[in-house]
Amino acid sequence: MTTVEQGGADEDSRLDGRPVAEETRREVPTVQVAPVPVRERFGGSKLGAAFFGWLVAIGMTVLLTGVVALVVAAMGRNLSNVPFVADAADAGLTGMVAAGAVLAVAYFFGGYVAGRLARFDGARNGLLAWLLGLIVAVLATVAAAVVGASTDLTATVHLPTIPVDVSALTVSGAVVLALTVIVTALTAALGGRLGERFHRRVDRAAGLDLR
1337 MTTVEQGGAD
1347 EDSRLDGRPV
1357 AEETRREVPT
1367 VQVAPVPVRE
1377 RFGGSKLGAA
1387 FFGWLVAIGM
1397 TVLLTGVVAL
1407 VVAAMGRNLS
1417 NVPFVADAAD
1427 AGLTGMVAAG
1437 AVLAVAYFFG
1447 GYVAGRLARF
1457 DGARNGLLAW
1467 LLGLIVAVLA
1477 TVAAAVVGAS
1487 TDLTATVHLP
1497 TIPVDVSALT
1507 VSGAVVLALT
1517 VIVTALTAAL
1527 GGRLGERFHR
1537 RVDRAAGLDL
1547 R
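Numbering (the working numbering), first residue to last: 1337 to 1547.
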């Protein structure tokens, strides 16, 4: 029979060759607040991130347009009536709404890429990608109207553009145009914000606070 003494026993006391008690230690991660110049130095608007975000928006526009074409074909409709972004006005109000939805989704992904690349100020860089796309779309539309349809690059490569024929703008078309501009801006900012959140999760896992 083994007797365990209560008095004088310490953490090295053993019973049947095994420790009676062991002290467990758990390290609590500490959050290190980064100095302010880190965000001031690497934050702000990043034109490069916005440019690549805009390129992603172009690619998503082409991809989603192809998906719409496949869906319309599967429904047994004429492919000539597919509301492509470049000639959505010919498809009527439904085509303009569909084109606006395509642009909204495309700029969400574009904003996400811009925010992910920029690391800081994701919403701002998402909006910058949207603004870059808006400027290019306006310039391409004006160039096509002034010089001629043969210079309409948006119809050739399906760049994200305004889904309304400005020369034949109606009240419903103006409403769709305004909603498209607002919604695409919001989705681009939202995508940029979500892209930035990835870096915040990594920072928290590393014990850093870079907010």
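For each residue, glycine too, the CB sits at the ideal point set by N, CA and C.
Exercise. With DSSP as the reference, label ALA1479 as helix, strand or coil.
Key: helix
Self-check item: Residue interval of the alpha helix (DSSP H) (run including LEU1456)
Solution: Inspection of the sequence shows that residue 1456 is occupied by Phe rather than by Leu. That residue, PHE1456, is in no alpha helix (DSSP H); it is neither H nor E in DSSP.
Exercise. From the DSSP output, in three-state form, read off GLY1446 for me.
Key: helix
Quiz prompt | Collapsed DSSP secondary structure at ALA1542 in the structure displayed | solution = coil
Quiz item: Buried or exposed: which applies to THR1430, given that a residue is buried once 16 or more other Cβ atoms fall within 10 Å of its Cβ?
Solution: Taking all protein chains shown into account, THR1430 has fewer than 16 neighbouring C-beta atoms within 10 Å of its C-beta and is therefore exposed.
Practice problem: Count the C-beta pairs between the stretch 1531-1546 and the stretch 1465-1476 that are closer than 8 Å, then say yes if the count reaches three, no if not. | Solution: no
Quiz item: Which residues bound the alpha helix (DSSP H) around MET1411?
Solution: First-last for MET1411: undefined, no H or E at that position.
Practice problem: Determine the DSSP secondary structure at GLY1380, reduced to helix, strand or coil. | Solution: coil
Quiz item: For ALA1385 versus ASN1461, is the C-beta spacing smaller than 7 Å?
Solution: Taking a C-beta distance under 7 Å as the contact criterion, ALA1385 and ASN1461 qualify as a contact pair.
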